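Going by the numbering used here, the residue at position 33 of the sequence shown is 47; the numbering climbs one at a time, nothing skipped.
Glycine residues also receive a C-beta, built at the ideal position from the N, C-alpha and C atoms.
No experiment lies behind these values; they were computed from the predicted model shown.
Reading through the C-alpha cells given below for one structure.
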Amino acid sequence: MERTLFIVKPDGVQRGLIGECLSRLERRGLRLVGLKFMQITPELAAKHYAVHLGKSFYEKLIGYITSGPVAVMAWEGPNAIALARQTMGATAPGQAAPGSIRADLAVEIGRNLVHGSDSPETAAFEIGLYFPEDELVSWKRETDKWIFE
Ligand code: IDP
Ligand code: MG
Numbered sequence: 015m016e017r018t019l020f021i022v023k024p025d026g027v028q029r030g031l032i033g034e035c036l037s038r039l040e041r042r043g044l045r046l047v048g049l050k051f052m053q054i055t056p057e058l059a060a061k062h063y064a065v066h067l068g069k070s071f072y073e074k075l076i077g078y079i080t081s082g083p084v085a086v087m088a089w090e091g092p093n094a095i096a097l098a099r100q101t102m103g104a105t106a107p108g109q110a111a112p113g114s115i116r117a118d119l120a121v122e123i124g125r126n127l128v129h130g131s132d133s134p135e136t137a138a139f140e141i142g143l144y145f146p147e148d149e150l151v152s153w154k155r156e157t158d159k160w161i162f163e
C-alpha cells in the first residue's frame, strides 16, 4: 500500500472542478484517507515547493498556489503515487495523455489544476505538511476486495 498527496489547485476550485478531479481518483479505485479545504499560506507553499526554489517559474508558482483556496486529499492504494500521476497527466497539459485531468481540462502549465506527489519520499513529506497523523483515516472499504487483489 502506498499513500500520495493530491491537491486541486486554486484554478480547479474556482472553476468548480473539485468534484470532477476527486471523482476520477475515487472511481479509479484509490481509497480516500484524508480530505480538507484550506488556503495555502506563502510559508507552507515555500516548504511544499522548496525543490523549485531558484527556478524561473518559482515566484509565479507560489503566487498561483496561494491565490485562493485548495482541496487537499490523501489517497491510498497499491502504486497510488504513479496511478494518481497517470490520472493527472503530464505537467504541461499539451503533453498530457488524452483522458487525463490535465489533457481533458487544462490549457497552460501554470494553470494545470492539480498536484500529485512524485515519489514515496515526497509523498511522505507532503502528506506530513498538510495532514497531522490524527487527520488521516485508516479504514477498510466494503469494495476493497473488488478493487485490490
Ligand atoms: P508536477 O506538478 O507535474 O509535479 P513540477 O515539475 O513539480 O510538476 O512543477 C510544479 C508546478 O510548477 C507545476 O504543476 C506547474 O504548476 C508549475 N510549473 C512547472 N514548470 C513550469 C513552467 O515551466 N512554467 C510555469 N509553471 C511551471
Ligand atoms: Mg511535482
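Boundaries of the alpha helix (DSSP H) harbouring ARG38: 32-42, taken from the DSSP string. Short note on ASP132: C-beta closer than 7 Å to some heavy atom of the ligand MG. Straight-line spacing of the CA atoms in LEU44 and TRP89 works out to 6 Å. Per the C-alpha coordinates, the member of ARG41, MET15, ARG29 and LEU67 positioned closest to VAL128 is ARG29. The region 31-47 makes no contact with the region 66-78, as fewer than three CB pairs between them are under 8 Å. Across the set ARG42, ILE141, PRO56 and SER133, the C-alpha of PRO56 shows the shortest separation from the C-alpha of TYR78. Proximity of the region 35-43 to the region 90-109 meets the contact definition, three or more beta-carbon pairs being nearer than 8 Å.
In the DSSP assignment, GLU135 falls outside any beta strand (DSSP E) and within the unbroken alpha helix (DSSP H) covering 134-144. Between the alpha carbons of ARG42 and ARG155 lies a gap of roughly 14 Å.
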